[in-house]
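*Asks:* As they're listed, the protein sequences go chains A and B. Each residue of the first sequence is one higher than the one before, counting from 1 in our numbering. Each residue of the second sequence is one higher than the one before, counting from 1001 in our numbering. All C-beta atoms, glycine included, are put in the ideal place defined by N, C-alpha and C. The structure presented is a predicted model; accordingly, all values stated were derived computationally and were not measured.
Number of protein chains: 2
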Amino acid sequence: MNGAESVVRTLVAHGIELCFTNPGTSEMHFVAALDRVPGIRPVLALFEGVVAGAADGYGRMAGRPASTLLHLGPGLGNAIANLHNARRAHTPIVNLVGEHATYHRACDAPLAMDVETTARPVSCFVRTCEDVRHAGSDAADAIAAACAPPGGVATLLLPADVAWTPGGRPGIPAPRRRPAPVSPAIVADAARALRSGEAAALLLSGAALAPDALETAGRIAAATGARLLVDTFVPRLARGAGRARVESIPYFAEAAVASLAPLRHVVLAGTRAPVAFFAYPDKPSRLLPDACTVHALATPEDDAVAALDALCDAVGARHATPVLEPRGEAALPTGELTPASLGRALACLLPEGAIVVDEAITGAAALLPATRGAAPHDWLALMGGAIGQGLPAATGAAIACPDRKVICLEGDGSAMYTIQSLWTQAREGLDVVNVILANRRYAILQIELMRVGALAPGQTPGARAQDMLEIGRPDLDFVALARGHGVPATRATTADDFAKQLAAALATPGPHLIEAVL
Amino acid sequence: MNGAESVVRTLVAHGIELCFTNPGTSEMHFVAALDRVPGIRPVLALFEGVVAGAADGYGRMAGRPASTLLHLGPGLGNAIANLHNARRAHTPIVNLVGEHATYHRACDAPLAMDVETTARPVSCFVRTCEDVRHAGSDAADAIAAACAPPGGVATLLLPADVAWTPGGRPGIPAPRRRPAPVSPAIVADAARALRSGEAAALLLSGAALAPDALETAGRIAAATGARLLVDTFVPRLARGAGRARVESIPYFAEAAVASLAPLRHVVLAGTRAPVAFFAYPDKPSRLLPDACTVHALATPEDDAVAALDALCDAVGARHATPVLEPRGEAALPTGELTPASLGRALACLLPEGAIVVDEAITGAAALLPATRGAAPHDWLALMGGAIGQGLPAATGAAIACPDRKVICLEGDGSAMYTIQSLWTQAREGLDVVNVILANRRYAILQIELMRVGALAPGQTPGARAQDMLEIGRPDLDFVALARGHGVPATRATTADDFAKQLAAALATPGPHLIEAVL
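1) Does the pairing of the region 1058-1066 of chain B with the region 1123-1135 of chain B give three or more beta-carbon distances under 8 Å?
2) Looking only at C-alpha atoms, which of A:Ala276, A:Thr271, A:Val435 and A:Leu202 sits nearest to Asp497 (chain A)?
3) Is His1512 (chain B) close to chain A, meaning its C-beta is less than 8 Å from at least one C-beta of that chain?
4) If we define contact as Cβ-Cβ less than 8 Å, is Arg1441 (chain B) a contact residue for chain A?
5) Tell me whether the beta-carbon of Cys19 (chain A) lies closer than 8 Å to the beta-carbon of Thr68 (chain A).
6) Figure out for me which residue from B:Ala1463, B:Ala1045, B:Pro1461 and B:Arg1009 has the closest Cα to the Cα of Gly413 (chain A).
7) Just the C-alpha distance for Ala208 (chain A) and Arg440 (chain A), rounded to the nearest angstrom, thanks.
8) Just mark Arg1564 (chain B) as buried or exposed, buried being the case when its beta carbon has 16 or more other beta carbons within 10 Å.
9) May I have the straight-line CA-CA distance separating Thr1010 (chain B) from Ala1140 (chain B), to the nearest angstrom?
10) Report yes or no: is there a C-beta of chain B within less than 8 Å of the C-beta of Ala456 (chain A)?
11) Count the C-beta pairs between the region 269-284 of chain A and the region 158-178 of chain A that are closer than 8 Å, then say yes if the count reaches three, no if not.
12) With distance defined between alpha-carbon atoms, name the residue in B:Ile1016, B:Phe1030, B:Gly1015 and B:Thr1025 nearest to Leu1003 (chain B).
13) Do Cys107 (chain A) and Ser1285 (chain B) count as a contact pair if the criterion is CB distance below 8 Å?
14) Using CA coordinates, which residue listed in B:Val1115, B:Val1187 and B:Thr1232 is at the minimum distance from Pro1250 (chain B)?
15) How close, in whole Å, do the beta carbons of Gly1057 (chain B) and Leu1367 (chain B) come, if the pair is a contact with beta carbons under 8 Å?
16) Does the Cβ-Cβ distance between Ile1143 (chain B) and His1014 (chain B) come in under 8 Å?
17) Measure the alpha-carbon distance for Ala415 (chain A) versus Ala256 (chain A) and round it to whole angstroms.
18) So with Cβ pairs under 8 Å, would you call Val275 (chain A) a contact of chain B?
19) Taking contact to mean 3 or more Cβ pairs, one atom from each stretch, closer than 8 Å, check whether the region 349-363 of chain A and the region 372-389 of chain A are in contact.
20) Could you tell me whether the Cβ of Leu422 (chain A) comes closer than 8 Å to any Cβ of chain B?
21) Three-state secondary structure (DSSP) at His1084 (chain B)?
22) Which residue wins for smallest C-alpha separation from Ile1444 (chain B), given the options A:Gly24, A:Met1, A:Val433 and A:Gly384?
23) Can you pull the chain B residues whose beta carbon is under 7 Å from the beta carbon of Gly390 (chain A), in chain order?
24) In chain A, which residues lie less than 9 Å from Met1061 (chain B) when you measure between Cβ atoms?
25) Measure from the alpha carbon of Phe278 (chain A) to the alpha carbon of each residue in B:Tyr1103, B:Leu1083, B:Gly1075 and B:Gly1197, then state which is nearest.
26) Give the DSSP-derived three-state secondary structure of Cys312 (chain A) in the structure shown.
27) Within 10 angstroms of its Cβ, does Val323 (chain A) collect 16 or more other Cβ (buried), or is it exposed?
28) Compare the C-beta of Ile80 (chain A) against all C-beta atoms of chain B and say whether one is closer than 8 Å.
29) With a threshold of 7 Å on Cβ separation, who are the neighbours of Met1383 (chain B) within its own chain once the five nearest residues in sequence on each side are excluded?
30) Compare the beta carbon distance of Ala1345 (chain B) and Leu1409 (chain B) with 8 Å and say whether it is the shorter of the two.
31) In chain A, which residues lie less than 8 Å from Gly1486 (chain B) when you measure between Cβ atoms?
32) What does DSSP give as the partner residue(s) for Leu1228 (chain B) in the beta ladder?
33) Got a sec: which bits of the region 1082-1102 of chain B sit with their beta carbon under 7 Å from any beta carbon on chain A, in order along the chain?
34) When DSSP labels each residue in this structure, what does Pro1149 (chain B) get in the three-state scheme?
35) Taking only three categories from DSSP, how would you classify Ala375 (chain A)?
36) Which residues, in chain order, does the region 277-294 of chain A contribute to contact with chain B at a C-beta distance below 9 Å?
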């Protein structure tokens, strides 16, 4: 058994069933091993940003890692942005990168690069297999690192000669590490804070966003009067009719600060104290008021579900009635197509158990409230802020959950970073409806240009600045782009069109794209 | 003057006229400065791989750096692959990356990443502006580093607060560093080697590939009987009818080794001793025979042009007659469309002064010999092996040379890493004819799978391996993809079609794409 096969067999032994891949010459023995060893499915992407984003979407929905296969430093480079997003979502990924043969590195061949250094900023674990005898155990260590709570990107470099040399043996699965338990003293502290009579909130992310944990949190909130908050961006939130009602922290720092200003206590479960996405002149970076005490009930590494359970008992909320979202109205929108009317159509038509991948950027402000009362669904957001995650994450989520419909809400600007995802959707016949919110500009940047004070109040941007913020001239034709990748597509310019096209797309197996012209 | 403006004014003062950009919130003050300060042209790209590849193509043709503008670590990540290619081509690039405000970094906001570490593997210079008073001089230092021979990628991080704070002043242009002169002893050693009577070659790259330097090298070869070699991949080679005839070192290691085996002396000008692109079991990494002495007449850092001039005198070759390429036949091909017939059409139709960007991968083996005798042109190859460089480099080259036609020869697999380049070509109205060599597979990998010994001789790859090497199922429709980006396109399935479409595209201003179905 060569090194490549020992790594593949280690993946399979650990229950890793997927390998998102864009291989090159140095990975050919790994490709041959994927061909030979049953139990793992290779899924090809045309670009490594799709590989990494798909592994993120897959990991969030499957709750276990996919593996990747990338080609040397440049292949890793192309994956960095979406590995960053996965790191921020605490998605487990076993990130395999081919490397030049150990003895070839000294030649500084054209493709040679410092791959370990490139990997480090996005990885919780980086190692190069230097010896075929340890390739399997190195892979087992990488898998353990990826799965260690809260989950992360573990990068393993496999030199070509280690891959092709005989003498490998599969690594032994280690017992899976459980999240750290939370001490009774910490639970008691959080309970005291919530019962203090002062304005308090529970702030959730990670495992605390699953249906049962959310309902427990809802009981705690109902019993104590605490607000129930979730982070602005969530890795996977169970929402819709019948799910606990939550408030999202607003994206813009000034709105977040205003919303959080009354709080005197915040109890964190599965997250950290909130910070502003960006810095702005004369605005704070930390969003909680100085007078607010932070109670870290459960960090992302801790067992947030058990901690909420213990807290529920500690505040006597076991039989409290949480506030649940009611089912929204079911009238399909007509007239102008806007993010709001698009959201209403979505709220009506979203099938139960749908997975919504949200990279709508400015559009999300209207889409989130519009879909509160939709049929129960999961909502996956952009955790690291690196745009170009939506289409690939939807691709990976559809592979993880072939029995569920995936709807990807995607800004036109963001779509263009990883548009190649559509081809993998077509090749794999995935049930993804990609909705492109086409406003022909980087709308968020037009807002931010003002907010950061780059222009004086009332000043309008000059032609050259405007040109850097608009992506018309020429307009992108997403219907043509989708067809070019093998995905059927339609264009909607009214709410009526959109609702009809969405209903038809949801009723048809396989991928579809709707260009929603706003 | 704020920090952003001081950086922009420093760029302009150093003659940097271009900024390829894909900005985000942290770069808004820089965008406003680009808007305000005359003398620098922002060119928007939809993806950072296009930004970096365009800066590479621009720098190779303009002989001076463009600047870039990237958004934080993920924006830099998306540019890594083409920055790697630029590094290998020694292309000067002033690579500007926005960073979170200095005081915001401690918050570990969602987009925070270790940007300096990410930049280091592809950069000859990395610095973060920590103080607005030094932003201008930091930029001047970055420009000096990018332009220091042989040229490189200088990365400067500009934190948002440094960009928006007043108190900046432009950096003072430093005198441009000249390449290092070559000592007479080294020239004499090279002259002795070439006159030794033993089999010898001159091996050229970098500045030695310009028309006059090549002709000088041709005289030396004619006078001494040395072979005239160029690296397999060249940053910019002056070739075609009337240019000195050169031999390219073959791509595949075994062919290269066979070709170089007779040599006892190699004189290097502007390059290093050749190595294999990849390692293969039981094949050497270094391509020259052990019995061959390497004479480093001029390293990439040295003045290769002056060194060749001195060598020409030292071997008494001043009046020797170099072997020049004759004009090829001018019969347009008919019948089957293959890389060879495509090359013949190109050879007939290539206008004088054309710029050919070659990322045809397996196709190049036929295209290079077919176009030897075409009208004089420049040939730009993929220096770092990171595919996805062709379309962006063609974009940048067209901006550098608006009076010349650019022809991009692009593999279908490679095209899909940075297909967004087409939109920038459409927006800027660039004279680029993009020829997609569509064989519906990663043909190079089908060859390499065998060559690395991942399959036994005669064994055919299994269905799953084959599936990772083919990009049909579904076929990409490049005509639709081009139209989606705003570029007119046609499809050719015969050599006659192709020749007609190429002639028409070359006669029409603005970008065009031809999908050449092979």
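*Replies:* Answer, in terms of the structure:
1) Short answer: they don't touch.
2) Numbered from its first residue, the first sequence carries residue 497 (chain A) at position 497. Among A:Ala276, A:Thr271, A:Val435 and A:Leu202, the Cα nearest to that of Asp497 (chain A) is on A:Val435.
3) Numbered from 1 along the second sequence, position 512 holds the residue referred to as residue 1512 (chain B). Taking Cβ atoms only, chain A never reaches closer than 8 Å to His1512 (chain B), which makes this a no.
4) Taking the second sequence and counting its residues from 1, one reaches residue 1441 (chain B) at position 441. Closer than 8 Å: no.
5) As a working note, residue 19 (chain A) is residue 19 in the first sequence. As a working note, residue 68 (chain A) is residue 68 in the first sequence. Their beta carbons are under 8 Å apart, which means Cys19 (chain A) touches Thr68 (chain A) by this criterion.
6) Residue mapping note: residue 413 (chain A) aligns to position 413 of the first sequence, counting from 1. Nearest of B:Ala1463, B:Ala1045, B:Pro1461 and B:Arg1009 to Gly413 (chain A), Cα basis: B:Ala1045.
7) Within the first sequence, the letter at position 208 stands for residue 208 (chain A). Within the first sequence, the letter at position 440 stands for residue 440 (chain A). The straight-line gap from Cα to Cα measures roughly 37 Å.
8) Residue 1564 (chain B) is absent from the model: chain B starts at 1001 and stops at 1518.
9) For this step, residue 1010 (chain B) is matched to residue 10 along the second sequence. For this step, residue 1140 (chain B) is matched to residue 140 along the second sequence. One alpha carbon belongs to Thr1010 (chain B), the other to Ala1140 (chain B), and they sit about 6 Å apart.
10) By one-based count along the first sequence, residue 456 (chain A) stands at place 456. Output row for Ala456 (chain A): interface = no.
11) The region 269-284 of chain A is not in contact with the region 158-178 of chain A.
12) In the second sequence, residue 1003 (chain B) corresponds to position 3, counting from 1. The question names Leu, yet the displayed sequence has Gly at residue 1003 (chain B). It is B:Phe1030 whose Cα lies nearest to the Cα of Gly1003 (chain B).
13) What you label residue 1285 (chain B) is simply residue 285 of the second sequence in a count that begins at 1. What you label residue 107 (chain A) is simply residue 107 of the first sequence in a count that begins at 1. Yes; because the gap between Cβ atoms is below 8 Å, this pair is in contact.
14) Position 250 of the second sequence, counting from 1, holds the residue named residue 1250 (chain B). Of the residues B:Val1115, B:Val1187 and B:Thr1232, the one whose Cα lies closest to the Cα of Pro1250 (chain B) is B:Thr1232.
15) For this step, residue 1057 (chain B) is matched to residue 57 along the second sequence. For this step, residue 1367 (chain B) is matched to residue 367 along the second sequence. Actually they are not in contact, since the Cβ atoms of Gly1057 (chain B) and Leu1367 (chain B) sit about 18 Å apart, beyond 8 Å.
16) As a working mapping, residue 1143 (chain B) is identified with position 143 in the second sequence. As a working mapping, residue 1014 (chain B) is identified with position 14 in the second sequence. Result yes, Cβ atoms of Ile1143 (chain B) and His1014 (chain B) sit closer than 8 Å.
17) As a working note, residue 415 (chain A) is residue 415 in the first sequence. As a working note, residue 256 (chain A) is residue 256 in the first sequence. Roughly 27 Å between the two C-alpha positions.
18) Numbered from 1 along the first sequence, position 275 holds the residue referred to as residue 275 (chain A). Chain B contact via Cβ: present.
19) Contact between the region 349-363 of chain A and the region 372-389 of chain A is present, because at least three Cβ pairs lie under 8 Å.
20) Taking the first residue of the first sequence as position 1, residue 422 (chain A) is located at position 422. It does not: the Cβ of Leu422 (chain A) has no partner Cβ on chain B nearer than 8 Å.
21) Residue 1084 (chain B) sits at position 84 when you count from the first residue of the second sequence. Residue state, collapsed to three classes: helix.
22) Here residue 1444 (chain B) refers to the residue found at position 444 when the second sequence is read from its first residue. Cα-wise, what sits closest to Ile1444 (chain B) is A:Gly24.
23) Residue numbering aside, residue 390 (chain A) sits at position 390 when the first sequence is read from its first letter. Within 7 Å Cβ-Cβ: nothing; Gly390 (chain A) doesn't reach chain B, min ~14 Å.
24) Within the second sequence, numbered from 1, the residue matching residue 1061 (chain B) stands at position 61. None at all; the shortest Cβ gap to chain A is about 21 Å.
25) On the first sequence, residue 278 (chain A) is found 278 positions in, with the first residue counted as 1. Closest by alpha carbon: B:Tyr1103.
26) Locating residue 312 (chain A) in the first sequence gives position 312, where the first residue counts as 1. Shown here, Cys312 (chain A) sits in a helix according to DSSP, grouped into three states.
27) The residue given as residue 323 (chain A) occupies position 323 in the first sequence. By the neighbour-count rule (16 or more Cβ atoms within 10 Å), Val323 (chain A) is not buried but exposed.
28) Within the first sequence, numbered from 1, the residue matching residue 80 (chain A) stands at position 80. So, interface residue.
29) The residue you call residue 1383 (chain B) lines up with position 383 of the second sequence. These residues qualify, in order along the chain: Asn1085, Arg1088, Ala1089, Phe1233 and Pro1235.
30) Here residue 1345 (chain B) corresponds to residue number 345 of the second sequence, with the count starting at 1. Here residue 1409 (chain B) corresponds to residue number 409 of the second sequence, with the count starting at 1. Taking the C-beta atoms as reference points, Leu1409 (chain B) is found no nearer than 8 Å to Ala1345 (chain B).
31) As a position in the second sequence, residue 1486 (chain B) is number 486, starting the count at 1. By Cβ distance, chain A contributes Pro474, Asp475, Leu476 and Asp477.
32) One-based indexing of the second sequence puts residue 1228 (chain B) at position 228. Bridge partners of Leu1228 (chain B): B:Leu1202.
33) His1084, Arg1088, His1100 and Ala1101
34) The residue you call residue 1149 (chain B) lines up with position 149 of the second sequence. Pro1149 (chain B): coil per DSSP, three-state reduction.
35) Reading the first sequence from its first residue, position 375 is the one you call residue 375 (chain A). In this structure, Ala375 (chain A) counts as coil in the three-state DSSP scheme.
36) Phe277, Phe278, Ala279, Tyr280, Pro281, Ser285 and Arg286
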